[in-house]
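Student: Mind the numbering: the sequence shown is residues 3 to 238 in this note's numbering, read in order. For glycine and all other residues, C-beta sits at the position ideal for the given N, C-alpha and C. Here you go, one structure.
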Amino acid sequence: MSDGLDILAIGAHPDDVEVHVGGILALAVSKGFKAGILDLTEGDLGTRGTPETRRAEARAAAECLGVPRAILDFPDGRFTEDEPYRIRLIHELRRLRPRVLIIPSPTDRHPDHERAHRFAREAAFYAGLKNYPCEGLPFRPEAMAWVGGENPGTPDLVVDVSAVWERRMQAFDAFGSQFRVVEGQPQTRISSPAFRRGIEGRSMHWGSLLGCAHGEALWCDKPISPVLMDLLVKLR
Ligand SMILES: [Zn+2]
């Protein structure tokens with residue numbers, strides 16, 4: 003990843019990215035772009051799965067999408083927006099150098115997602131300041147977008163991911179400790195079949211707005227960055 007990614011998706015937990023934008027990443031790779039995933043935590047507070055199983059699942063999912071993945075070890079639920087964490091994230095951004103950054107939702111049921119949104123936005127800004135005391139050459143992503151929360155309303159952008167849908171859902175299903183009903187394991191909201199159906203249903207609804215089978219949605223600042231538009235046009 004030394005000469006920079008075209009697109010990097012950041013998640014608070016391993017599997018966040020695959021819930022929302024696995025299709026966009028797989029599509030980007032299929033068109034010759036360099037895409038990647040950065041998870042801030044190992045999801046160590048999860049009701050099911052250990053950090054080890056979640057890392058293994060995350061690696062399998064990234065392989066399925068064809069992207070490199072880095073997993074930081076911020077403490078799940080307990081990372082803060084303070085300097086030591088900010089420096090770690092700035093360092094990753096300066097190392098990975100993504101032109102377009104996809105970050106978590108600013109409004110969501112899980113507080114980590116909201117915090118990760120604010121934190122990633124801040125880090126992306128400070129990463130570009132020459133004198134910020136952090137290793138690596140200054141770098142700021144040229145464009146940013148974010149995924150939706152629980153019930154996000156009309157997207158700003160929808161990407162037709164029908165061509166990679168099967169692979170995208172294989173990557174989602176790689177997180178067996180989280181999204182599968184397993185006898186003897188506690189049932190959680192995300193292991194319920196309704197959660198998976200919600201992902202498929204939303205993708206079909208968003209796809210219907212474009213007249214295609216499956217779409218993934220993004221939100222962004224307005225006016226929409228030409229860099230973001232340009233990348234998404236090339237994914238068509
Ligand atoms: Zn999450």
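1) Around the C-beta of residue 221, are 16 or more other C-beta atoms found within 10 angstroms, so that it is buried, or is it exposed?
2) Taking 7 Å as the cut-off, is the C-beta of residue 119 nearer than that to any heavy atom in ligand 1?
3) Output yes if chain B places a C-beta closer than 8 Å to the C-beta of residue 222; else output no.
4) Quick one: grab the DSSP three-state call for residue 35.
5) Please state the DSSP three-state secondary structure of residue 218.
6) Short of 7 Å in beta carbon distance, which residues of its chain neighbour residue 110, apart from the five on each side in sequence? Order them along the chain.
7) Assuming contact is defined by CB atoms lying nearer than 8 Å, are residue 201 and residue 21 in contact in what I supplied?
8) What residues sit near ligand 1, counting only those whose C-beta is closer than 5 Å to one of its heavy atoms, in chain order?
9) Leaving out five residues on either side along the sequence, give the residues of the same chain with a beta carbon under 6 Å from the beta carbon of residue 91.
10) Out of 159, 121, 215 and 100, state which residue places its alpha-carbon closest to the alpha-carbon of residue 203.
11) For residue 49, which residues from the same chain have a beta carbon less than 7 Å from its beta carbon, with the 5 sequence-adjacent residues on both sides left out?
12) Please work out which residues of its chain come closer than 8 Å, Cβ to Cβ, to residue 139, disregarding the five sequence neighbours upstream and downstream, and give them in chain order.
13) From this set, 9, 131, 210 and 32, which residue's C-alpha is nearest residue 102's C-alpha?
14) According to DSSP, is residue 75 part of a helix, a strand, or is it coil?
15) Label residue 59 either buried or exposed according to how many other C-beta atoms from any shown protein chain fall within 10 Å of its C-beta, with 16 as the threshold for buried.
16) Give the DSSP bridge partners of residue 41, in chain order.
17) Classify residue 225 as helix, strand or coil using the three-state DSSP reduction.
18) Does DSSP classify residue 161 as helix, strand or coil?
19) Out of curiosity, what's the CA-to-CA distance linking residue 7 and residue 141?
20) Can you pull the DSSP bridge partners for residue 103?
21) Taking residue 19 as the reference, which of 57, 93, 104 and 29 has the closest Cα?
22) Which residues bound the alpha helix (DSSP H) around residue 112?
Tutor: In this structure, then:
1) buried
2) no
3) Absent here is chain B; the protein component of the structure consists of one chain.
4) coil
5) strand
6) 116, 151 and 152
7) yes
8) 14, 15 and 18
9) 125
10) 215
11) 188 and 190
12) 96
13) 9
14) strand
15) buried
16) 13 and 73
17) coil
18) strand
19) 12 Å
20) 10 and 146
21) 104
22) Note, residue 112: premise wrong, no alpha helix (DSSP H); not H, not E.
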